[in-house]
Amino acid sequence: MRTCFQVEERIPMNRTGLKRLRNSGRLPAVVFGSGTDNQNIHLSTKEFGKWIRRGSGGIIELNLENHDSIPVLLEAIQRDPVTQEYIHVDFLRVKKDELVRTKVNIEFAGTPRGTKLGGIVQTQSTFIEIESFPDKIPGSIIVDISHLEIGESIHVGDIELPDGLVLISATNELLVSVVTPKVQAEDIEATVEA
Numbered sequence: 003m004r005t006c007f008q009v010e011e012r013i014p015m016n017r018t019g020l021k022r023l024r025n026s027g028r029l030p031a032v033v034f035g036s037g038t039d040n041q042n043i044h045l046s047t048k049e050f051g052k053w054i055r056r057g058s059g060g061i062i063e064l065n066l067e068n069h070d071s072i073p074v075l076l077e078a079i080q081r082d083p084v085t086q087e088y089i090h091v092d093f094l095r096v097k098k099d100e101l102v103r104t105k106v107n108i109e110f111a112g113t114p115r116g117t118k119l120g121g122i123v124q125t126q127s128t129f130i131e132i133e134s135f136p137d138k139i140p141g142s143i144i145v146d147i148s149h150l151e152i153g154e155s156i157h158v159g160d161i162e163l164p165d166g167l168v169l170i171s172a173t174n175e176l177l178v179s180v181v182t183p184k185v186q187a188e189d190i191e192a193t194v195e196a
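Laid out in structure tokens, this is it:
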């Protein structure tokens, strides 16, 4: 499912103008790339925040009044270092007939068997880098981890990619593993030494 945001054009503003815009519930953003001029816009901070919390990804359609929708990828998010509120967003304009290199979220599904024996799930990364045409980029890739025992892990190369995606990330990059808790491992070593 493709995400759509209603956006409005914005004129260049100073700090005070941007702060006023944010206080009204709007998030300043810029759209760049594909050989066109940068386009200053703003969108609903609330809607953007909901989308981020869902862990969504993939192609976004920006609907700008009196314009065709603009297909983009999320390029960067700026947040306030103290409040963690969104300050600014950068979107990369994409063409539907050109390959795009981007990151795709990985969602882990299931409860590993090893956790029932005291293991702890250790997540190393929740995304992989791929190359694809924009219409083939999924919002996320679901990886089942319910079969993992203590000491087992899943690497990027273990993931079955949907058709049309080319893997860019290293195949030996660790995504998730089930490990023995450190306290339990120390207790076992102490018992063995005694």
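Each residue of the sequence shown is one higher than the one before, starting from 3 at the first, in the working numbering. Here a beta-carbon is modelled for each residue, glycine too, at the ideal position from N, C-alpha and C.
Handout entry: Cut-off 6 Å between Cβ atoms - residues of its own chain near residue 182, not counting five sequence neighbours on either side
Key = Around residue 182: 152.
Exercise for the section: Could you spell out where the alpha helix (DSSP H) holding residue 28 opens and where it closes? Expected result: No alpha helix (DSSP H) contains residue 28, which is instead part of the beta strand (DSSP E) from 28-35.
Problem - Cβ separation of residue 147 and residue 178, assumed to be a contact under 8 Å, to the nearest whole Å - result: About 6 Å separates the Cβ atoms of residue 147 and residue 178, confirming a contact at the 8 Å cut-off.
Exercise for the section: Could you say if the segment 108-122 and the segment 22-39 meet the contact criterion of at least three C-beta pairs nearer than 8 Å? Expected result: The segment 108-122 vs the segment 22-39: no contact.
Problem - residue 181 in three-state terms, based on DSSP - result: Three-state DSSP puts residue 181 in a strand.
Problem - Range covered by the beta strand (DSSP E) that runs through residue 95 - result: Its beta strand (DSSP E) spans residues 88-95.
Exercise for the section: Please determine if the segment 12-19 and the segment 66-85 are in contact, where contact requires at least 3 C-beta pairs separated by less than 8 Å. Expected result: Taking a contact to require three or more Cβ pairs closer than 8 Å, the segment 12-19 and the segment 66-85 do not qualify as touching.
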